[in-house]
Structure formats: C-alpha cells, structure tokens
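Line by line, the protein sequences give chains A and B.
Taking my numbering, the leading residue of the first sequence gets 7, the next gets one more, and so forth.
Taking my numbering, the leading residue of the second sequence gets 7, the next gets one more, and so forth.
There are 2 protein chains.
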Amino acid sequence: MDTQTLAFAKALADETRQEIMGHLCCVWLSTSDVVAKLEGKVNQPTVSHHLKKLEEANLVLARREGKYRYYTLNQAVVTFCCGQLVRRFAPDYSAQIIPTEEIT
Amino acid sequence: MDTQTLAFAKALADETRQEIMGHLCCVWLSTSDVVAKLEGKVNQPTVSHHLKKLEEANLVLARREGKYRYYTLNQAVVTFCCGQLVRRFAPDYSAQIIPTEEIT
DNA sequence: CCATCGTATCGAAGTTTGTCGATATGTTCA
DNA sequence: TGAACATATCGACAAACTTCGATACGATGG
Numbered sequence: 007m008d009t010q011t012l013a014f015a016k017a018l019a020d021e022t023r024q025e026i027m028g029h030l031c032c033v034w035l036s037t038s039d040v041v042a043k044l045e046g047k048v049n050q051p052t053v054s055h056h057l058k059k060l061e062e063a064n065l066v067l068a069r070r071e072g073k074y075r076y077y078t079l080n081q082a083v084v085t086f087c088c089g090q091l092v093r094r095f096a097p098d099y100s101a102q103i104i105p106t107e108e109i110t
Numbered sequence: 007m008d009t010q011t012l013a014f015a016k017a018l019a020d021e022t023r024q025e026i027m028g029h030l031c032c033v034w035l036s037t038s039d040v041v042a043k044l045e046g047k048v049n050q051p052t053v054s055h056h057l058k059k060l061e062e063a064n065l066v067l068a069r070r071e072g073k074y075r076y077y078t079l080n081q082a083v084v085t086f087c088c089g090q091l092v093r094r095f096a097p098d099y100s101a102q103i104i105p106t107e108e109i110t
C-alpha cells in the first residue's frame with residue numbers, strides 16, 4: 007500500500023486545509039498571514055495545527071525568517087501524488103495524461 | 007470551494023477504502039467479492055458502508071444483477087478530480103501534465 | 001535583560017468516522 | 001409461500017480529528 011498517497015489524501019480531506027493550500031499556492035506566507043487570509047474562520051492555533059499536518063504530509067515547504075515562519079505549497083509533491091493516484095486508480099487514462107518524461 | 011474534489015479527497019482518506027478501490031479497478035465485483043478480497047480485514051457491513059461512501063463520492067459505478075450488486079471504479083472521475091487538484095494546487099506543473107484535449 | 005510579538009504546543013470539548021453484531025430488505029428458486 | 005442467500009441499514013462503541021483558550025517557546029529590539 008502506498009503510504010505517501012494515503013497521507014496526501016488525508017491531508018486533503020479537510021476543507022480548511024484545502025483553503026490554506028489555495029492561499030499557499032505560488033506564494034510564501036507566514037502563519038499569521040494565513041490566519042489573516044482565512045478572515046476569522048479559524049484561530050491561530052488551528053492554523054498552526056493544519057500547517058503542521060501539511061508539513062508532515064510533505065505538502066508544504068517551510069522556512070524561518072526572523073520571528074516569522076514562511077510556508078508555501080509543494081507543487082511537486084501534489085503533482086507526484088496525483089500522478090500516482092491516476093496510475094493506480096485510472097490506468098485506462100494514465101497514458102493520456104501522465105507524461106513519460108521525468109517531472110522536474 | 008470545489009465541493010467535488012473535497013468529497014474525492016475524503017473518500018480517498020481511508021486505507022480500507024483505497025484497498026477496495028484497488029480491487030475495483032478495471033473489474034466489476036460484487037459486495038461479497040470485495041469482502042473476500044479483503045481477506046477478513048473487515049466485515050460485510052463495513053464493506054457496504056465504504057461502497058456507499060465511494061458511490062456518494064461518485065468514485066464507483068454500481069449495477070444490480072440478480073441478487074448481486076456489482077461495483078467498479080469510476081476512472082473518469084478519478085482522472086477529472088486529479089486534474090482539478092493539479093490545476094488548483096500545482097499550476098506550475100499543470101501545463102506539463104494535463105492534456106489540452108477533452109478526456110473521453 | 002526584559003518586554004513584545006509571532007508561533008507552537010497542550011489539554012479539553014465536541015464532532016466525525018470506522019467498525020461491529022444484529023437485523024431488515026430484497027432477490028431467487030423450489 | 002417459504003427457505004436461502006446477498007446486501008443494506010441500524011444502533012452502539014471506540015478511535016481519530018477539528019477546534020479552541022491558555023500557555024510555553026523563540027526571536028527581536030530597546
């Protein structure tokens with residue numbers, strides 16, 4: 007059983023987390039930036055909790071800068087896991103969709 | 007917020023369900039067939055429960071034949087949802103991976 | 001060194017979810 | 001109609017998860 011795609015799916019299986027992922031797509035945001043983006047939907051400890059889960063699933067990259075901690079979405083892992091899912095659960099479509107070349 | 011990809015992720019977020027999906031890939035199996043494939047890992051009511059969840063998430067197709075009910079994995083939905091995920095959460099890779107033509 | 005600010009962790013409450021045994025529903029066949 | 005079989009539903013229980021307030025940790029600047 008592929009443990010990485012299971013972790014990937016579990017990380018995705020929460021609406022707040024998907025919202026956070028959307029905000030972290032293509033940009034680096036600090037924890038408090040994310041809290042602000044969510045506009046009061048959840049509090050800071052909850053955001054930290056979700057960021058930790060995303061980090062454990064390898065779905066975000068993190069970096070410290072002074073007292074801030076910046077996060078961004080790890081698009082390579084998203085791509086890899088989605089590829090795995092298609093190969094396992096949609097092999098009839100796999101050839102149409104997944105490039106044969108390595109993803110860089 | 008894309009409600010279908012959230013339902014997709016939630017359906018994937020369980021190991022037993024992923025195992026069932028693997029067994030339903032490319033073949034039609036009855037409920038009891040799936041129970042047998044899982045080799046005592048879970049009981050029949052649990053399998054029925056998971057099949058219902060998969061059906062609600064549109065991840066399986068179902069058909070009745072006599073007293074049996076046959077299920078198979080819906081590869082088109084898997085493909086579509088993975089495509090959505092890549093477009094939303096890996097736009098930098100999206101062009102490399104998702105074909106511009108319609109998926110048939 | 002101390003106050004401040006951003007972030008992480010802790011403990012608790014409430015909800016959701018997976019699993020089971022028991023049972024109901026539905027289909028076939030004699 | 002009734003017995004046998006496949007499947008679905010119900011009720012209960014335990015485990016996992018989300019969320020929160022309170023608090024601890026860590027870095028900065030005076």
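Every residue, glycine too, gets a C-beta built ideally from N, C-alpha and C.
Identify the continuous beta strand (DSSP E) that holds Leu18 (chain A) and give its terminal residues. Per DSSP, Leu18 (chain A) lies in no beta strand (DSSP E) segment; the continuous alpha helix (DSSP H) that holds it begins and ends at Thr9 to Leu18.
Give the C-beta separation of Cys88 (chain A) and Leu91 (chain B) to the nearest angstrom, bearing in mind that I take them to be a contact with Cβ-Cβ under 8 Å. Between the beta-carbon of Cys88 (chain A) and that of Leu91 (chain B) there is about 5 Å, and that keeps the pair under the 8 Å contact cut.
Would you mind reading off the limits of the beta strand (DSSP E) that contains Ala3 (chain B)? Residue numbering for chain B in the displayed model covers 7 to 110; residue 3 (chain B) lies beyond these limits and cannot be assessed.
Please check the pair Ser36 (chain B) and Tyr74 (chain B), which I expect to be a contact at CB under 8 Å, by giving their CB distance rounded to whole angstroms. In this structure, Ser36 (chain B) and Tyr74 (chain B) form a Cβ contact; the two beta carbons are roughly 4 Å apart against a cut-off of 8 Å.
Does the distance from the CB of Leu79 (chain B) to the CB of Phe86 (chain A) come in under 8 Å? Contact check for Leu79 (chain B) against Phe86 (chain A) fails: the beta carbons are separated by 8 Å or more.
How close, in whole Å, do the beta carbons of Leu67 (chain A) and Met27 (chain A) come, if the pair is a contact with beta carbons under 8 Å? Actually they are not in contact, since the Cβ atoms of Leu67 (chain A) and Met27 (chain A) sit about 12 Å apart, beyond 8 Å.
Could you tell me whether any Cβ in chain B is nearer than 8 Å to the Cβ of Pro51 (chain A)? Contact with chain B is absent for Pro51 (chain A), since none of that chain's Cβ atoms lies less than 8 Å from the residue's Cβ.
For Tyr77 (chain B) and Leu57 (chain B), believed in contact at Cβ under 8 Å, the rounded distance: Yes, Leu57 (chain B) and Tyr77 (chain B) are in contact; Cβ-Cβ is about 6 Å, under 8 Å.
Do you know how far the Cα of Gly72 (chain B) is from the Cα of Glu25 (chain A)? If I take the Cα positions, the gap works out to 45 Å.
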